[in-house]
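Working notes, structure below.
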Amino acid sequence: MDALQADCAKCFGLCCVALAFTRSADFPRDKAPGEACEHLDGTHRCGIHDRLRDRGYAGCTAYDCFGAGQKISLHTFGGRGWRDAEDGGRAMFAVLPVVRQLHELLRYLADVRALPAAERLHPAAAAAAGRVEALSLGGADELLALDVAAERARVVPVLREASALARARFPRARALGGADLMGAKLRGADLRGAELRGALLVGADLRGADLRSADLIGADVRGADLRGADLRGALFVTATQLGGAAGDGATRLPHGLARPGHWA
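Following the numbering used here, the numbering of the sequence shown begins with -2 at its first residue and continues without gaps.
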């Protein structure tokens, strides 16, 4: 799993240049794609990394490249940074979202292989992961020509079946996939085994909610209040989701995920 976790020390600060952001609650200013953030120094390090939220860059603390940054920096472009590239790094920046999506799929497939309830799918998940990993190791031109949506479509059935197997012990679980639950009052709700794929939970009150074994793949939980919530065994939860939500010391997390530093 280490290869699927961001290691900024092995990256050329790609997310600080490639991505655009708009002045909002998450960013204090506008930045165009391909424009280096004013806080990125000459060694590709963030000059305000230890105080990003204090300076208004909450969006940066929630972003996770799933390890794509270091793979592109060290493998795809062989350790040559964007500052030294003839095209100014345009190819590197274009490849970032492609490899990030592939690494996200690898992360989900790793989650499947860690689910005892989905043991019969472990071989299929391993085969899919091998294929996606091989694609992620392609050259820049190959990556830019890749149909990522098609690859995702090949993986989705495995993820869905694994989710169903893991949630089967909750036959009365709520089916809320894609539901608009923006700002919903769900404090203390029993959401064990709920299907929340792609649900809009922005600003939802989930304090003390029981989300054990709930499927949260693609759920938008920005600004959601997860204080005291129980997410043990929740499926396909990412650091990006947690980073965009609010929680505290009483929030119980899925195995392998760290508590965001800004949580109380």
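Where is the CB? At the ideal position from N, CA and C, for every residue including glycine. Note that this is a predicted model, so its numbers are computed, not measured.
- Could you say if the segment 100 to 111 and the segment 219 to 239 meet the contact criterion of at least three C-beta pairs nearer than 8 Å? By the criterion of at least three beta-carbon pairs nearer than 8 Å, the segment 100 to 111 is in contact with the segment 219 to 239.
- Query: According to DSSP, is Ala243 helix, strand or coil?
  - Reply: For Ala243, the secondary structure class from DSSP, reduced to helix, strand or coil, is strand.
- Name the DSSP beta bridge partners of Ala172, please? Answer by DSSP bridge pairing, in chain order: Glu192.
- Message: Applying the 10 Å Cβ sphere with the 16-neighbour rule, what's the burial state of Gly86?
- Response: Under this definition Gly86 is a buried residue.
- Message: What would DSSP say about Asp108, mapped onto helix, strand or coil?
- Response: Note: Asp108 maps to helix in three-state DSSP.
- Item | C-alpha distance - Leu198 paired with Leu239, whole-angstrom precision | If you take the alpha carbons of Leu198 and Leu239, they lie about 12 Å apart.
- Query: Would DSSP call Asp81 helix, strand or coil?
  - Reply: Helix.
- What are the boundary residues of the alpha helix (DSSP H) that Asp138 is part of? Judged by DSSP secondary structure, Asp138 falls within the alpha helix (DSSP H) whose first and last residues are Ala137 to Leu141.
- Query: How is the alpha helix (DSSP H) around Glu32 delimited, first residue to last?
  - Reply: Run containing Glu32: none; DSSP gives neither H nor E here.
- Between the Cα of Ala261 and the Cα atoms of Asp245, Arg204 and Ala142, which residue gives the shortest distance? From the listed residues Asp245, Arg204 and Ala142, the smallest Cα separation to Ala261 is found for Asp245.
- When DSSP labels each residue in this structure, what does Arg249 get in the three-state scheme? Strand at Arg249.
- Considering only C-alpha positions, which residue in the set Leu99, Gly175, Leu37 and Leu193 is nearest to Arg80? Minimum Cα distance to Arg80 is reached at Leu37.
- Item | Three-state secondary structure (DSSP) of Cys62 | It is coil, neither helix nor strand.
- Item | Closest residue to Leu208 among Arg42, Asp(-1), Phe167 and Val14 (Cα-Cα distance) | With distances taken between CA atoms, Leu208 lies nearest to Phe167 out of Arg42, Asp(-1), Phe167 and Val14.
- Message: Taking the alpha carbon of Met89 as the reference point, which residue from Leu193, Asp138 and Ala124 has its own alpha carbon closest?
- Response: Per the C-alpha coordinates, the member of Leu193, Asp138 and Ala124 positioned closest to Met89 is Asp138.
- Proximity winner among Ala211, Cys8 and His46, relative to Ala163 (alpha-carbon distances): Nearest of Ala211, Cys8 and His46 to Ala163, Cα basis: Ala211.
- Start and end of the alpha helix (DSSP H) containing Leu162? That run of the alpha helix (DSSP H) goes Val145 to Arg164.
- Can the beta-carbon of Leu325 be found less than 8 Å from the beta-carbon of Ala196? This structure does not reach residue 325, given that the chain is present from -2 up to 261, and the question cannot be answered.
- Item | Cys8, DSSP secondary structure in three states | In the three-state reduction of the DSSP assignment, Cys8 falls in the coil class, being assigned neither a helical nor a strand state.
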